[in-house]
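Visitor: Heads up: the sequence lines are chains A and B, in that order.
Going by the UniProt record's numbering, the first sequence runs without a break in its numbering and finishes at 298.
Going by the UniProt record's numbering, the second sequence runs without a break in its numbering and finishes at 130.
Glycine included, C-beta positions come from ideal geometry on N, C-alpha and C.
Please read all numbers here as calculations on a predicted model, not as lab measurements.
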Amino acid sequence: MTRPTLDRREFLALASLGGGAVFASGLYGCATPAAAGAEDFFFVQLSDSHWGFEGPPNPDARGTLPKAVAAVNALSVPPDFIVFTGDLTHTTDDPRERRERMAQFRDIVSGLKVQERHFLPGEHDASLDHGKAFQEFFGPTHYTFDHKGLHFIVLDNVSDPAARLGDEQLQWLRGHLATLPRDTRLVVLTHRPLFDLAPQWDWATRDGEQAVALLMPFADVTVFYGHIHQEHHHMTGHIAHHAARSLIFPLPAPLSAPRRLPLPWNPEHPYEGLGFRGIQARAATPALALTELPVVRG
Amino acid sequence: MRPPLAPAAGRRQFCARLAGLAGLAAAGALAGDALAQAPVRVIRISARRFVFTPGTVRLKLGEPVQLELTTEDVPMGFSVPDFKVRQDIVPGTTQTLRLQPDKAGEFVFLCDVFCGSGHETMNGSLVVEA
Chain A
1 MTRPTLDRRE
11 FLALASLGGG
21 AVFASGLYGC
31 ATPAAAGAED
41 FFFVQLSDSH
51 WGFEGPPNPD
61 ARGTLPKAVA
71 AVNALSVPPD
81 FIVFTGDLTH
91 TTDDPRERRE
101 RMAQFRDIVS
111 GLKVQERHFL
121 PGEHDASLDH
131 GKAFQEFFGP
141 THYTFDHKGL
151 HFIVLDNVSD
161 PAARLGDEQL
171 QWLRGHLATL
181 PRDTRLVVLT
191 HRPLFDLAPQ
201 WDWATRDGEQ
211 AVALLMPFAD
221 VTVFYGHIHQ
231 EHHHMTGHIA
241 HHAARSLIFP
251 LPAPLSAPRR
261 LPLPWNPEHP
271 YEGLGFRGIQ
281 ARAATPALAL
291 TELPVVRG
Chain B
1 MRPPLAPAAG
11 RRQFCARLAG
21 LAGLAAAGAL
31 AGDALAQAPV
41 RVIRISARRF
51 VFTPGTVRLK
61 LGEPVQLELT
71 TEDVPMGFSV
81 PDFKVRQDIV
91 PGTTQTLRLQ
101 PDKAGEFVFL
111 CDVFCGSGHE
121 TMNGSLVVEA
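1) Examine chain A for any beta-carbon lying closer than 8 Å to the beta-carbon of residue 114(B), and answer yes or no.
2) Are any of the Cβ atoms in chain B nearer than 8 Å to that of residue 261(A)?
3) Taking the alpha carbon of residue 77(B) as the reference point, which residue from 83(B), 84(B), 88(B) has its own alpha carbon closest?
4) Do residue 277(A) and residue 115(A) count as a contact pair if the criterion is CB distance below 8 Å?
5) Between the C-alpha atoms of residue 73(A) and residue 229(A), what's the straight-line distance to the nearest angstrom?
6) Round the Cβ separation of residue 122(A) and residue 191(A) to the nearest angstrom and send it over; I've been treating them as touching at under 8 Å.
7) In whole angstroms, what is the alpha-carbon distance linking residue 279(A) and residue 78(A)?
8) When you compare the CB of residue 81(B) with every CB in chain A, is at least one pair closer than 8 Å?
9) Compute the distance between the beta-carbons of residue 187(A) and residue 222(A), then report whether it is under 8 Å.
10) Which two residues bound the contiguous alpha helix (DSSP H) that contains residue 170(A)?
11) Any idea if residue 90(A) is buried or exposed, counting beta-carbon neighbours within 10 angstroms, 16 or more meaning buried?
12) Do you know how far the Cα of residue 235(A) is from the Cα of residue 157(A)?
13) Examine chain B for any beta-carbon lying closer than 8 Å to the beta-carbon of residue 128(A), and answer yes or no.
14) Look at the alpha carbon of residue 53(A) and the alpha carbon of residue 105(A), and state the distance between them as a whole number of angstroms.
15) From the beta carbon of residue 55(B), is the nearest beta carbon of chain A less than 8 Å away?
16) Locate the beta strand (DSSP E) running through residue 216(A), then write down its first and last residues.
17) Hey, residue 211(A) and residue 170(A) are a contact pair by Cβ (cut 8 Å); roughly how many whole angstroms apart?
18) For residue 265(A) and residue 101(A), what's the separation of their Cα atoms in angstroms?
19) Rounded to whole angstroms, what's the CA-CA distance from residue 92(A) to residue 50(A)? Just pull it up for me.
20) Comparing C-alpha positions only, which one of 137(A), 162(A), 109(A) sits nearest to residue 127(A)?
21) Counting only Cβ pairs nearer than 7 Å, list the residues of chain A close to residue 93(B).
22) Just the C-alpha distance for residue 216(A) and residue 295(A), rounded to the nearest angstrom, thanks.
23) Smallest Cα separation from residue 219(A): which of 232(A), 239(A), 207(A)?
24) Starting from residue 66(A), trace the alpha helix (DSSP H) both ways and give me its first and last residue.
25) Taking 7 Å as the limit between beta carbons, can you name the residues of its chain near residue 263(A), skipping five residues before and five after?
26) Between which two residues does the alpha helix (DSSP H) holding residue 146(A) run?
27) Between residue 124(B) and the rest of its own chain, which residues show a CB-CB distance below 6 Å, the 5 nearest in sequence each way excluded?
28) Since residue 46(B) meets chain A, which of its residues come closer than 8 Å, beta carbon to beta carbon?
29) Under the assumption that residue 120(A) contacts residue 85(A) (Cβ atoms under 8 Å), give the Cβ distance between them as a whole number of angstroms.
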């Protein structure tokens, strides 16, 4: 089925929802022709809602996620699907409370009009029980799926509390990539950055370099992640990494402060620094266009 | 003039010389080990959710030290990214980590094994004085 094509002008117009900054990536310099059958589409990335968090950094902690759901539902063109890149819930030592938070999160996002949703865990969801509760609610923590010419690979670098993908998952990734043509357009979804963004703030994956090395032979790879609660863009060689804003509180720029404490809530500009991202995959070019969107109109 | 050695005696002497050389080598190794294990300052650091005690550790530039790491409650990690050293800490055990700082300044050490809500601020300061 072919859905109405969203041209670039229309897509950028989505930013008018709240004047969100537009980042149009031309990151590849690669002329790989689009795969046969590929067509334009866009999807939404939501991240780090930390459902269950309470505190001054977000006095509307229980309201922000529902607002984000409403904002996504208000998009003039619905996304093909939605990905949620981890820390759905805020951690708790109580296994029953953890499941309660996951149930509440699932109920809220069930209000999204888009039926296709993909989830992956963050360390707050999975590190204290090695992903057990997450899997009960949302299924496997690493998997793949395809959509209109793009091949998506979901990696789990949080179920190990030491922030490792681990030998078993790396072996799985190696074996899976071996089955793919090198011109496959890859999108990798993960929670923590796969590169050493700021190990001093635990913003890294201990064996992420091995995953990046496995991905490097592919000409067209983009990684979307969460964890750092802010928009951030980085290149390792030709591989682009994009961090998403959070839905609970923003954090400082990497190593810009003595501690990675939440940025204080600004009553003059509520929800400042929070938001979600629309990503357009264009069939005619391998570049993906990103649009950062606020939770509420400014 | 020394009488020629009988073949068996020659083998014994050869073996004795080898043993002597081996002994020397062993002595050298022991000396090396002794040097390697020369007393170094021991610094004990205890972890518990979500603090390290002490929170600030002062070292001299080039001073070899042995960190003795324990955790009072849950599994933790101790990492000093600027020196590329780290160690898992398991409850009920004492883990050692040798460190010889080759640069002066103030560096972060942190828990790099997620240990709960508060993990994000579980860090300390390693001050290396020139």
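Guide: Working from what's here:
1) yes
2) yes
3) For residue 77(B), the nearest C-alpha among the options comes from 88(B).
4) no
5) 22 Å
6) 4 Å
7) 12 Å
8) Taking Cβ atoms only, chain A reaches closer than 8 Å to residue 81(B), which makes this a yes.
9) Taking 8 Å as the Cβ cut-off, residue 187(A) and residue 222(A) qualify as a contacting pair.
10) 167–178
11) buried
12) 19 Å
13) yes
14) Answer to the nearest angstrom: the Cα atoms are 12 Å apart.
15) no
16) That residue, residue 216(A), is in no beta strand (DSSP E); it is neither H nor E in DSSP.
17) 7 Å
18) 23 Å
19) 11 Å
20) Residue 127(A) has its Cα closest to that of 162(A), out of 137(A), 162(A), 109(A).
21) Going along chain A, no residue has its Cβ under 7 Å from residue 93(B), so there is no contact; the nearest lies around 16 Å.
22) 34 Å
23) 239(A)
24) 61–73
25) 249, 250, 251, 252, 273
26) Looking at the DSSP string, residue 146(A) is not in any alpha helix (DSSP H); the run it does join, the beta strand (DSSP E), is 143–147.
27) Short of 6 Å from the beta carbon of residue 124(B), and not among the five residues preceding or following it, lie these beta carbons of its own chain, in chain order: 52, 55, 109.
28) By Cβ distance, chain A contributes nothing, its closest Cβ being about 20 Å from residue 46(B), past 8 Å.
29) 6 Å
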